[in-house]
Amino acid sequence: MNYNERLSGNEAIAFAMKQIDPDVMAAFPITPSTEIPQYFAQYVADGEVNTEFVPVESEHSSMSACIGAEAAGARAVTATSSCGLALMYEMMYVAASSRLPITLACVNRALTGPININNDHSDSMGIRDAGWIQIYAENNQEAYDNFLQAMPIGEHPDVRLPVMICQDGFITSHALENITLLDTESVKQFVGEYNPENYLLKKENPLAIGPYDLGCHYMEHKVQQAEAMKHAKARILEVAAEFEKVTGRKYGLFEEYQMEDADLALVLIGSSAGTAKAAVDRLRKEGVKAGLIKLRVFRPFPAEELAQALKHVKALAILDKAESFSAHGGPLFSEVRAALYDLEPRPRTVGYVYGLGGRDVTPAHFRAIYARLADIAAGGDLGPVYTHMGQRE
Amino acid sequence: MERTYHFKHTLEKKERFAPGHRLCAGCGAGIAVRGVLRALREEDRAVVGNATGCLEVSSFLYPYTAYEDSYIHTAFESAGASLSGVEAAYNALKRKGKIDGTVKFITFGGDGGTYDIGFQSLSGAMERGHDLTYVCYDNEAYMNTGIQRSSSTPRFARATTSPVGTAVPGKSQNKKNLTDIIAAHNVPYVAQTTFIGNFRDLYTKAKKAIYTPGPSFLNVMAPCPRGWEYPTEKLPEICRLAVETCVWPLFEVENGVWRLSYAPKKKLPVEDYLKMQGRFRHMFKPGNEWMIEAVQQSVDENWDKLLNKCNTNL
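Top to bottom, those sequences are chains R and S. Counting in our numbering, the first sequence runs from 284 upward without gaps. Counting in our numbering, the second sequence runs from 593 upward without gaps.
In structure tokens:
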């Protein structure tokens, strides 16, 4: 049964955690994800969950404790942002390579240097190659829905990988929105029990985890991990289909908005998609064939699917809410552009880095991009492919 | 001391740390693990944790494990936190009726993983009160990477990042007193031990540590023949001299009560301990007598402080 509530993105995630009632939650506060362990600690204090809450002394330890718990045979969750995720960096690789389907609620925030508490994607983009599945949300509803899908994806025997459920710090984490919740019984049924095949606490068959892996085995283990990430794509779609049956809400690897006949398109991630859609609606009224793709799943990267969806586009802008200091473009730009390489003809592509440290993005910004794309599509000069948007000159 | 300790019967228990591991001959780490795991009741299971270090890379090389029990290694600085997670999972699954039988949680780390890089996660695990035992096998330097100094390396000892040169005579700083620091966490059981005689001290302390509810900490001096530069067969003698000179006193702190486990009849001079080890060789060169005097003075002061805490007058 679905019912409506008014929740912030953080509360929606905490509520999803409460409905799932995981075995272990280990977390350390950091803005803007702090509320998630706060809400959860209250559920524990009020006896509303059966979870062991481990209030660790750092994010390095929260990920380490989650690894220990998941390896022991439990379902473990955590939440973090920004520097907290950066502090986990080493352990993120350990979690993924040990094939432990931990779920992490990532509330995206700029990385320090200088310190800034507002939203961009530099934290999760910085850790994109750690071997975690990454799923992004545009709004509170998607954050909640994605969290409910995380465990059925990550825990599947063909996958066995940890999952990050990302949402935009403050923009969705602290904004109240009307969202539709699934009743707890349906959540429990949908998410199911975690019954791993092997785990540390299994009586019959002791398990050793975290070996010193010599050159004669390391590569084979990495290939297995890579294969699991390939399998994840199909599993994500399977789980989305099951989720649609229960909720009526449809999810894929990405969302296509007005893409069917689009000549001009954007690819972007997260809450900015809402603003961009408003710009698309205006342009459509003006007769401009504008569309956009909001990427939901960044890892595994849906390269073939994106190429298919973008093959008819004449000019494309790829927007990164993260710098990678390659002096060529952000991570999303590099990967999307590479995905289009074998198309013939290929869309002409430009990249923008925008919204760093919470810099606002408005429909006017998107209109300006579409105007440039229209010019490129009409045979105009491509101009610089790597630019920044929204900064003061 | 446990009255029921019987060396022969203890040795007849099934080994939980199998031979075939790749630790060096004369290494204290393997002796510490064997000795501590021997204190488990045979009917109890355990999950053994491990910080990255010599022990880890020598006892679990894929696909071979030396542990009869379940084992987890995650990283260098995370042994305390990882085992906290395992223990939390046990509590949750036990409560849900998914696990039967008793499982104990014991983690091993060298002084690098314990005194230094893993100090924070150890402190966190102790403070939160997990029912686990953290065992430090203290060999007084980062041996796995090739004998670099740690905060546990004693003053004047030669290490590759505190070399003996013409201007600096080995490590400049005193050894950190980690056992006291963990005792200051007010956990139920903290003890310091090493390999002495028939292993009664190690066994009884390990047993108390493992079976005292709540967090416990064992600091086990575990010499390293390569780093300390001694012939492998001299390990028991070095341990004995560490205790007889009061360089490494044996004591325990049980629910805040400090107790001396052993008082030498006649405290031996520190030279007896130092001269057996190549890492202190330069201290015996003419003109360097002041170094030995400084060590003696420091050992005497620490011994007096310990006697005071233990309320013992000799």
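For glycine and all other residues, C-beta sits at the position ideal for the given N, C-alpha and C. Computed from a predicted structure; not experimentally measured.
Neighbourhood of residue i by C-beta, 6 Å cutoff - its chain only, sequence neighbours within 5 removed
{"i": "Phe-694/R", "result": "Because chain R here runs from 284 to 676, residue 694/R falls outside it and cannot be looked at."}
{"i": "Thr-824/S", "result": "Ala-617, Gly-618 and Pro-817"}
{"i": "Tyr-534/R", "result": "Ala-523"}
{"i": "Leu-387/R", "result": "Thr-361 and Met-447"}
{"i": "Thr-904/S", "result": "Leu-852"}
{"i": "Met-408/R", "result": "Ala-605 and Pro-614"}
{"i": "Leu-794/S", "result": "Gly-627 and Thr-785"}
{"i": "Gln-552/R", "result": "At residue 552/R the sequence reads Ile, which differs from the Gln that was named. Excluding sequence neighbours, Ile-552/R sits near Tyr-419 and Leu-578."}
{"i": "His-671/R", "result": "Val-636"}
{"i": "Gln-424/R", "result": "Ile-462"}
{"i": "Ala-359/R", "result": "Val-307, Cys-349, Ala-352, Glu-353 and Ile-385"}
Rounded Cβ spacing between residue i and residue j (contact assumed at less than 8 Å)
{"i": "Gly-627/S", "j": "Ala-798/S", "result": "7 Å"}
{"i": "Thr-334/R", "j": "Val-307/R", "result": "7 Å"}
{"i": "Arg-288/R", "j": "Ile-462/R", "result": "Rather than Arg, the amino acid found at residue 288/R in this sequence is Glu. Indeed, because the Cβ distance is near 6 Å, the residues count as touching under 8 Å."}
{"i": "Lys-572/R", "j": "Leu-547/R", "result": "6 Å"}
{"i": "Pro-315/R", "j": "Ser-364/R", "result": "6 Å"}
{"i": "Gly-452/R", "j": "Asn-402/R", "result": "4 Å"}
{"i": "Ile-303/R", "j": "Val-470/R", "result": "6 Å"}
{"i": "Val-633/R", "j": "Leu-665/R", "result": "7 Å"}
{"i": "His-777/S", "j": "Ser-713/S", "result": "Not confirmed; about 13 Å, so no contact."}
Near the ligand ZN: residue i beta-carbon under 6 Å from a heavy atom
{"i": "Thr-467/R", "result": "In terms of ligand content, the structure shown is empty, and the ligand ZN therefore cannot be addressed."}
Assigned secondary structure, residue i (DSSP; H/G/I helix, E/B strand, else coil)
{"i": "Met-593/S", "result": "At Met-593/S, the pLDDT of 45 sits below 50, so the modelled position is not reliable and the matter cannot be decided from this model."}
{"i": "Cys-349/R", "result": "helix"}
{"i": "Asp-730/S", "result": "strand"}
{"i": "Trp-665/S", "result": "Checking the sequence, you will find His at residue 665/S rather than Trp. Correct three-state label for His-665/S: strand."}
{"i": "Met-672/R", "result": "strand"}
{"i": "Ser-291/R", "result": "strand"}
{"i": "Cys-449/R", "result": "strand"}
{"i": "Asp-603/R", "result": "strand"}
{"i": "Phe-608/R", "result": "coil"}
{"i": "Trp-840/S", "result": "coil"}
{"i": "Asn-285/R", "result": "strand"}
{"i": "Val-442/R", "result": "coil"}
{"i": "Tyr-624/R", "result": "coil"}
{"i": "Lys-726/R", "result": "Past the boundaries of the shown model lies residue 726/R; chain R is included only from 284 to 676, so the question cannot be answered."}
{"i": "Asn-778/S", "result": "coil"}
{"i": "Phe-649/R", "result": "helix"}
{"i": "Thr-699/S", "result": "strand"}
{"i": "Ile-623/S", "result": "helix"}
{"i": "Gln-417/R", "result": "strand"}
{"i": "Tyr-803/S", "result": "helix"}
{"i": "Phe-876/S", "result": "helix"}
{"i": "Tyr-637/R", "result": "strand"}
{"i": "Ser-764/S", "result": "coil"}
{"i": "Pro-552/R", "result": "For clarity, residue 552/R is Ile in the given sequence; the question names Pro instead. The answer is strand: DSSP assigns Ile-552/R an E or B state."}
Nonlocal neighbours in the same chain, by C-beta distance under 8 Å from residue i, ignoring five residues either side
{"i": "Ala-691/R", "result": "No answer is possible for residue 691/R: it lies beyond the span of chain R, which begins at 284 and ends at 676."}
{"i": "Val-862/S", "result": "Thr-837, Val-839, Ile-884, Val-887, Gln-888 and Val-891"}
{"i": "Ser-609/R", "result": "Ser-617"}
{"i": "Phe-695/S", "result": "The sequence shown places Val at residue 695/S, rather than the Phe named in the question. The residues are Asp-636, Arg-637, Ala-638, Val-639 and Tyr-682."}
{"i": "Ile-755/S", "result": "According to the sequence as given, residue 755/S is Pro; it is not Ile. Closer than 8 Å at Cβ, skipping near neighbours: Gly-762."}
{"i": "Phe-473/R", "result": "Leu-431, Pro-435, Leu-465, Glu-525, Phe-526 and Val-529"}
Contact set for residue i: own chain, Cβ-Cβ below 7 Å, skip 5 residues either direction
{"i": "His-665/S", "result": "Asn-642, Thr-644, Glu-648 and Phe-652"}
{"i": "Ala-610/S", "result": "Ala-658 and Glu-660"}
{"i": "Thr-752/S", "result": "Gly-738, Ile-739 and Gln-740"}
{"i": "Ile-519/R", "result": "Ile-436, Leu-536 and Val-580"}
*asked:* Does the contact criterion of 3 or more C-beta pairs under 8 Å hold for the stretch 746-756 of chain S versus the stretch 859-879 of chain S?
replied: yes
With three or more C-beta pairs closer than 8 Å as the rule, is the stretch 466-474 of chain R touching the stretch 667-678 of chain S? no
Open item on the list: Residues of the stretch 494-514 of chain R in Cβ contact with chain S at a cutoff of 7 Å, in chain order, please.
Closed with: Pro-494, Tyr-495, Asp-496, Leu-497 and His-500
To be precise: take each residue of the stretch 713-746 of chain S, compare its Cβ to all Cβ atoms of chain R, and keep it if any distance is under 8 Å. Which residues remain? Ser-713, Ser-715, Gly-716, Glu-719 and Arg-720
Q) If you measure beta-carbon to beta-carbon, which residues of the stretch 475-488 of chain R are closer than 7 Å to chain S? A) Leu-483, Leu-484 and Lys-486
Practice problem: Would you be able to state if there are at least three C-beta pairs under 8 Å between the stretch 839-852 of chain S and the stretch 715-725 of chain S? | Solution: no
With 9 Å as the limit, tell me which residues of the stretch 665-680 of chain S have their beta carbon closer than that to any beta carbon of chain R; keep them in chain order. His-665, Thr-666, Ala-667, Phe-668, Glu-669, Ser-670, Ala-671, Gly-672, Ala-673, Ser-674, Leu-675, Ser-676, Gly-677, Val-678, Glu-679 and Ala-680
Does the contact criterion of 3 or more C-beta pairs under 8 Å hold for the stretch 594-606 of chain S versus the stretch 644-664 of chain R? no
Notebook entry, point to check: Name the residues in the stretch 328-343 of chain R whose C-beta lies less than 9 Å from a C-beta of chain S; which are they?
Noted result: Asn-333, Thr-334, Glu-335, Phe-336, Val-337, Pro-338, Val-339, Glu-340, Ser-341 and His-343
At a Cβ cut of 9 Å, what residues of the stretch 377-402 of chain R count as close to chain S, listed as they run along the chain? Val-377, Ala-378 and Ser-381
Note to self: Assess contact between the stretch 400-414 of chain R and the stretch 435-443 of chain R, defined as three or more Cβ pairs (one per stretch) separated by less than 8 Å. Is contact present?
What the structure shows: no
message: Can you pull out the residues from the stretch 692-713 of chain S whose beta carbon lies closer than 8 Å to at least one beta carbon of chain R?
response: Asp-692, Gly-693, Val-695, Gln-712 and Ser-713
**Prompt:** Is the number of C-beta pairs between the stretch 294-312 of chain R and the stretch 487-500 of chain R that are closer than 8 Å three or more?
**Reply:** no
Output, in sequence order along the chain, the residues in the stretch 744-772 of chain S whose CB is closer than 8 Å to any CB in chain R.
-> none
Relative to chain R, which residues along the stretch 786-817 of chain S have a C-beta separation below 9 Å, given in chain order? none
Q) What residues in the stretch 440-458 of chain R have a beta carbon less than 7 Å from any beta carbon of chain S? A) none
Quick one, which residues of the stretch 301-330 of chain R are near chain S if we go by CB-CB under 8 Å, in chain order? Asp-306, Val-307 and Ala-309
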